[in-house]
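Using full-length UniProt numbering, the letters of the sequence shown correspond one by one to residues 1 to 216.
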Amino acid sequence: MGSFILITALFLYSYNWISVSVSETQTVEVQLGQEVTLLCPNISKHPTQTDWFRLVNRTEVSCVSAMYKSDGEASFCDGFQNRFEMSSNITTVFLKIKRVDFSDSGLYFCGFYINAHTVISNTVHLNVQDGDFDNEVDFKTEKTPDGITNLMTVVLGGLTVFLTIVIIVLAVEIRKLQTAVNEEPQTERNKSCKWHQTARSDKQAVMIVLCKMNTY
Numbered sequence: 001m002g003s004f005i006l007i008t009a010l011f012l013y014s015y016n017w018i019s020v021s022v023s024e025t026q027t028v029e030v031q032l033g034q035e036v037t038l039l040c041p042n043i044s045k046h047p048t049q050t051d052w053f054r055l056v057n058r059t060e061v062s063c064v065s066a067m068y069k070s071d072g073e074a075s076f077c078d079g080f081q082n083r084f085e086m087s088s089n090i091t092t093v094f095l096k097i098k099r100v101d102f103s104d105s106g107l108y109f110c111g112f113y114i115n116a117h118t119v120i121s122n123t124v125h126l127n128v129q130d131g132d133f134d135n136e137v138d139f140k141t142e143k144t145p146d147g148i149t150n151l152m153t154v155v156l157g158g159l160t161v162f163l164t165i166v167i168i169v170l171a172v173e174i175r176k177l178q179t180a181v182n183e184e185p186q187t188e189r190n191k192s193c194k195w196h197q198t199a200r201s202d203k204q205a206v207m208i209v210l211c212k213m214n215t216y
């Protein structure tokens, strides 16, 4: 299920079916072992599919969960089944993480399938720290720098370029194979033919091709 959702998202992006609409990133700092709930504004006006994704180390994108309609049942991708809960209402989509671990740190973003486009509306950077914290989770909101805002575009765009190169290489190899197959019968026929020159009147010469005919 997880692989299917992620592959679908990458496929849609490669055909410009994913739109990124992010104006700011919310940074959430939480102590190891605490519980935290990430929020995403519900920008859909009609029932649609909503997805949560996580970006780690600026290169690894993995799906977290998916839900259709605010009252639908959430499905979770591999590795996110136990401590994660997804819920929604008409205004907000929630992702609750229980007993947070260092591996939960990363950039989380939610997407909505609207008008044949998957629109990413919000990003939340979760930072899990170890130390003496107050019991309250620290929420900070900051303007997203260009590097973070365009990070998903760069990662998914790079994948698109890679797939394009693979397709071109395969097309060239197929072309070479077809050319070799078409040239082989002509080469064999030339090997079985003998060229003879016979004299005709008025000192004209005619080249006669005698081809060996094989009977099977």
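All C-beta atoms, glycine included, are put in the ideal place defined by N, C-alpha and C.
| Asked | Found |
| --- | --- |
| Through-space distance from W52 to M67, alpha-carbon basis | 9 Å |
| Cβ distance (whole Å) where L55 is taken to contact F94 below 8 Å | L55 to F94, Cβ: 19 Å. No contact. |
| Cα-Cα separation, T37 to N115 | 28 Å |
| Start and end residues, beta strand (DSSP E) containing P47 | Where P47 is concerned, there is no enclosing beta strand (DSSP E), given that its DSSP letter is neither H nor E. |
| Range of the contiguous beta strand (DSSP E) that encloses V93 | T92 to I97 |
| Other residues of its chain near P47: CB distance less than 6 Å, five sequence neighbours each side excluded | K69 |
| Straight-line gap, C63 to Q31 (C-alpha atoms, nearest Å) | 23 Å |
| Top-ranked residue by Cα proximity to S75, from V100, Q49, D104 and I90 | Q49 |
| Among H117, Y113, D130 and F109, the one whose alpha carbon lies nearest that of V124 | F109 |
| Residue 225 classed as buried or exposed, judged by whether at least 16 other C-beta atoms fall within 10 angstroms | This structure cannot speak to residue 225, because the chain is shown only from 1 to 216. |
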